[in-house]
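Below is one structure, written out as structure tokens, with a few remarks after it.
In this note's numbering, the protein residues as written are -16 to 102.
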């Protein structure tokens, strides 16, 4: 199975720049903007498709509202949802990876105790 979270973690090298004082607020803002961008693009595409279908008398809005996906379609939607959430939460995944790669975060208990003893 493809790990969507790992695939979505493409990033520039170096530390992530923060512009707001509170990194948590900036993180939430980044997630919110990722969601907003995805929704805006999807809305425009869906609007285009619905207008084209209606203008050609192929499909009406009521048919769209009444649609129920079959098992295969539902599974495809679930895979899309996983990929989407991975893109939205990309910043969180990248920060977790950065913490894991930082040697200071991978010290043994003895090393941490020794450092605390020197303080």
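Ideal placement from N, C-alpha and C gives every residue a C-beta, glycine not left out.
Pick out whichever of the options has its Cα sitting closest to the Cα of residue i.
i	options	result
residue 15	100, 75, 42 and 81	75
residue 63	25, 100, 31 and 81	25
residue 7	78, 49, 84 and 53	78
Pick helix, strand or coil for residue i, following the three-state DSSP scheme.
i	result
residue 34	helix
residue 59	helix
residue 4	coil
residue 42	coil
residue 101	coil
residue 22	helix
residue 11	helix
How close, in whole Å, do the beta carbons of residue i and residue j come, if the pair is a contact with beta carbons under 8 Å?
i	j	result
residue 70	residue 17	6 Å
residue 67	residue 21	7 Å
Quick check: residue i and residue j, are their CB atoms within less than 8 Å of each other?
i	j	result
residue 44	residue 33	yes
residue 36	residue 29	no
Got a sec, what are the start and stop residues for the alpha helix (DSSP H) residue i sits in?
i	result
residue 79	73 to 84
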